[in-house]
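Have a look at the structure below before the remarks.
In the working numbering, the protein residues as written are 95 to 239.
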């Protein structure tokens, strides 16, 4: 099995004083590569649709932007735990895809990504609830792929 290289992404932290996003507070993380595709979008708009309270409940206010192979921003990722994250991407048909991704930390599949849960066809008014459900350890079988 061929191991694929890791990509670097930037984390943005919400500035609570004026509810805007502070670009100066960035940290670079390395995420496993998955087949990510989608339409180019504004990550701050997805964060607004998720909502600040759900953002704090899911990831403590931490988030980063997802990019495709051409380096276009196609969504956001929210770190849930040490090796888990929720990815929200905009599909080509104006719906969202919400994934719960786990990075394998030991064994033969080390540093590879495993999709634990995937929800497809999510409309903008449902993104916050589905993202929260995807971040929970046990998720409901609501609209799974």
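Backbone N, C-alpha and C fix where the C-beta goes; we use that ideal spot for every residue, glycine too.
Residue 182 vs residue 140 beta-carbon contact at 8 Å: A contact, by the Cβ cut-off of 8 Å.
Length of the line joining the Cα atoms of residue 133 and residue 167: Approximately 8 Å, taken between the alpha carbons.
Delimiting residues of the alpha helix (DSSP H) encompassing residue 142: Per DSSP, residue 142 belongs to the alpha helix (DSSP H) from 137-144.
Those residues which DSSP pairs with residue 194 across a bridge: 180, 211
Whether residue 198 touches residue 206 by CB criterion (8 Å): Between residue 198 and residue 206, the C-beta gap is smaller than 8 Å, which places the two residues in contact.
6 Å Cβ shell around residue 171 - same chain, five flanking residues per side excluded: 158, 160, 179, 181
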